Amino acid sequence: MAHPLEQFGIHPATPLNFPALTFLSLEAIRTNPFFYLTFPPCVSPEQISQYHFAAKIKPPDDGSVEIIKVVDNSCRHAPKIVGFASWKVRRSVMETRKPKMPRGADPRFLNDFWDSVGPLVEQFFNAETDIELSVMRVLPAYQGRGLGGIMLRWGLERATQLGKRIFLLSSPEGRFLYAKYGFETVGSVKMDLGKYGGQGTYVQTAMTWNESKQDNKIGIWSKRKL
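Okay, here's the thing in structure tokens:
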């Protein structure tokens with residue numbers, strides 16, 4: 001019997017894929033406070049999509065970001081993109097400008113979030129020596145099927161090739177997966193969602209992975225079939 005993950009393939013994403021990646025990314029975060037606290041119903045889907053593409057999907061033109069996609073090959077006539085990850089593999093030489101938020105959006109949560117995690121990024125991320133996993137998304141219908149592990153192993157191998165460490169900011173849902181692959185927690189921030197009209201507390205965790213601390217596990221992962 002074929003391994004269930006053999007129906008999936010991993011490939012470099014191209015600009016032709018960007019609309020699909022934008023749609024996929026938004027579908028994956030609709031239950032995340034980054035989405036529902038920032039974009040009330042008055043903000044149109046087109047406005048949200050344009051902003052999200054500029055803020056999270058579109059890479060610089062200098063090759064500093066490598067985006068990989070996972071496709072479902074069982075859709076034979078048109079393989080479907082079901083996951084992607086965006087890796088910052090080196091410092092960008094291009095000036096980055098923060099995209100303007102859509103009219104009607106509420107920037108309070110996002111602004112306070114970045115003010116809170118900024119010190120963690122400054123303390124633990126070095127653009128010269130680290131790779132950053134900036135975005136990793138899987139379509140909701142495909143979550144829990146090992147696709148996050150496929151994309152993460154790609155990043156571990158890439159970091160090992162470059163002799164670099166990996167840095168990331170993890171959502172509450174992602175921490176277990178990253179810890180499973182040897183990521184260590186270096187700090188976290190807690191956000192009271194009630195301040196922004198939500199409920200509960202949101203925790204974002206800064207994590208790092210260093211190949212030298214992995215007891216040669218990368219060699220085992222690289223031999224597994226995707």
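For the sequence shown, the UniProt record's numbering assigns the number 1 to the initial residue and increments by one for each residue that follows.
For glycine and all other residues, C-beta sits at the position ideal for the given N, C-alpha and C.
None of these values were measured; they are calculated from a predicted model.
C-alpha distance - residue i paired with residue j, whole-angstrom precision
i: G155; j: K213; result: 16 Å
i: P60; j: C42; result: 30 Å
i: K58; j: D130; result: 20 Å
i: E95; j: A127; result: 14 Å
i: R76; j: L162; result: 35 Å
i: Q204; j: I166; result: 16 Å
i: N83; j: E6; result: Note on residue identity: the sequence assigns Gly, not Asn, to residue 83. So the two alpha carbons sit approximately 15 Å from each other.
i: A85; j: E46; result: 23 Å
Cβ distance (whole Å) where residue i is taken to contact residue j below 8 Å
i: L147; j: V138; result: 5 Å
i: V70; j: I29; result: Contact flag wrong, Cβ pair sits at about 17 Å.
i: G187; j: A206; result: 4 Å
i: E66; j: V89; result: 5 Å
i: T185; j: F124; result: At roughly 10 Å, the Cβ-Cβ gap does not stay under 8 Å, so T185 and F124 are not in contact.
Residues of its chain near residue i, where Cβ-Cβ distance is below 7 Å and the 5 sequence neighbours each way are ignored
i: N51; result: The displayed chain sequence assigns Tyr, not Asn, to residue 51. Cβ neighbours of Y51 beyond the five flanking positions: P99, M101, P102.
i: G198; result: P33, L37
Contacting residues, own chain, Cβ-Cβ under 8 Å from residue i (five flanking each side not counted)
i: A54; result: P99
i: P79; result: G9, V71, D72, N73
Cβ-based neighbour list, residue i, same chain, cut-off 6 Å, excluding 5 preceding and 5 following
i: L177; result: G148
i: F39; result: I48, A105
i: Y181; result: L152
i: V189; result: S116, V117, Q204
Where the alpha helix (DSSP H) containing residue i begins and where it ends
i: H52; result: 45-52
i: F39; result: Looking at the DSSP string, F39 is not in any alpha helix (DSSP H), and its letter there is neither H nor E.
Entirely enclosed alpha helix (DSSP H) segments - the UniProt domain "N-acetyltransferase" (123-208), minimum 4 residues:
147-162, 175-180
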